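In the numbering used here, the protein residues as written are 79 to 312.
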């Protein structure tokens, strides 16, 4: 996702070079009053932005800096006191895997905060890794009858606006069952030999390896668990 595709409610922070070029562009379009008259931006808002260290509305930045403006962006956030995503990696890497996991396992609590829930820490770690492809996303992780990972509301709104194709392997990872030689999820069942894709749930990786008779993979998974226990004891 490119910068110009973000919702207008998103605000962005520019580096020093971007700040300089932004206000040079305003001057080049006749100054604040002329620019605002031509574009419909509020002159009082623009004067305020010019005299303070602020996050600018994304449409203001794109209007002035155009294509390539994302190279100046050091962070972006929602309104109010929301915590920003720092060091964003544009175009944002928001793929089918992340969006499928969100659809499967994210709910919004009473405060409007999106919460990813799982019984397995390995899936929490994978979800956090996918978010890191966007940038330094502020998250909080809790252990409450399983695990919870919370991320910003404004980011969830960005995710909800994106079309995607459901990733079958991710559905299995999040909700599937593996038994009696079959991988099952959402009314679909396929033989374990035909399943393709990566699983990050250690429980399901183990079940798949057992069903396939893959002793090497079973040994690797058991070795990972023994290593974790040893590290915890040390």
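Glycine is no exception: its CB is placed at the ideal position from the N, C-alpha and C atoms. Since the model is a prediction, treat every value here as computed from it, not as a measurement.
Quick one: Cα of residue i to Cα of residue j, how far?
| i | j | result |
| --- | --- | --- |
| residue 311 | residue 301 | Because residue 311 carries a pLDDT of 32, less than 50, the predicted location of this residue cannot be relied on, and no value is offered for it. |
| residue 275 | residue 103 | 48 Å |
| residue 269 | residue 288 | 13 Å |
| residue 242 | residue 109 | 42 Å |
| residue 281 | residue 251 | 9 Å |
| residue 81 | residue 226 | 29 Å |
| residue 94 | residue 128 | 13 Å |
| residue 158 | residue 176 | 26 Å |
| residue 231 | residue 189 | 10 Å |
| residue 163 | residue 151 | 11 Å |
| residue 168 | residue 257 | 41 Å |
| residue 237 | residue 211 | 14 Å |
| residue 153 | residue 290 | 46 Å |
| residue 323 | residue 97 | Nothing about residue 323 can be reported from this structure: the residues present for the chain run from 79 to 312 only. |
Could you give the residue range of the alpha helix (DSSP H) that holds residue i?
| i | result |
| --- | --- |
| residue 32 | Nothing about residue 32 can be reported from this structure: the residues present for the chain run from 79 to 312 only. |
| residue 179 | 174-183 |
| residue 111 | 109-117 |
| residue 286 | 280-290 |
| residue 143 | 136-143 |
Ordered along the chain, which non-local residues of its own chain (more than five positions away) have a Cβ less than 7 Å from that of residue i?
| i | result |
| --- | --- |
| residue 141 | 117 |
| residue 279 | 198, 200, 201 and 251 |
| residue 187 | 193 |
| residue 308 | Residue placement at residue 308 is flagged as unreliable, the pLDDT there being 44, under the threshold of 50; a coordinate-derived value is accordingly withheld. |
| residue 101 | 128 |
Alpha carbons only, please: which of the options is nearest the one belonging to residue i?
| i | options | result |
| --- | --- | --- |
| residue 261 | 130, 214 and 284 | 284 |
| residue 107 | 143, 207 and 192 | 143 |
| residue 207 | 147, 172, 271 and 138 | 172 |
| residue 88 | 131, 139, 98 and 123 | 139 |
| residue 132 | 190, 114, 156 and 233 | 156 |
| residue 135 | 86, 100 and 96 | 86 |
| residue 220 | 98, 105, 203 and 124 | 203 |
| residue 215 | 120, 112, 166 and 98 | 166 |
Considering just the uninterrupted stretch of the beta strand (DSSP E) at residue i, what are its terminal residues?
| i | result |
| --- | --- |
| residue 155 | 151-155 |
| residue 90 | 89-92 |
| residue 195 | 192-196 |
Using a Cβ-Cβ cut-off of 6 Å (strictly less than) and excluding sequence neighbours within five positions of residue i, which residues of its own chain qualify?
| i | result |
| --- | --- |
| residue 194 | 183, 184, 205 and 227 |
| residue 267 | 260 |
Taking 7 Å as the cut-off, is the CB of residue i close to at least one heavy atom of the ligand FMN?
| i | result |
| --- | --- |
| residue 234 | This structure simply doesn't include the ligand FMN, nor any ligand for that matter. |
Can you check the region 198-271 for any beta strand (DSSP E) of at least 3 residues that lies completely inside it and give the ranges in chain order? 218-221, 225-228, 255-257, 260-263 and 266-269
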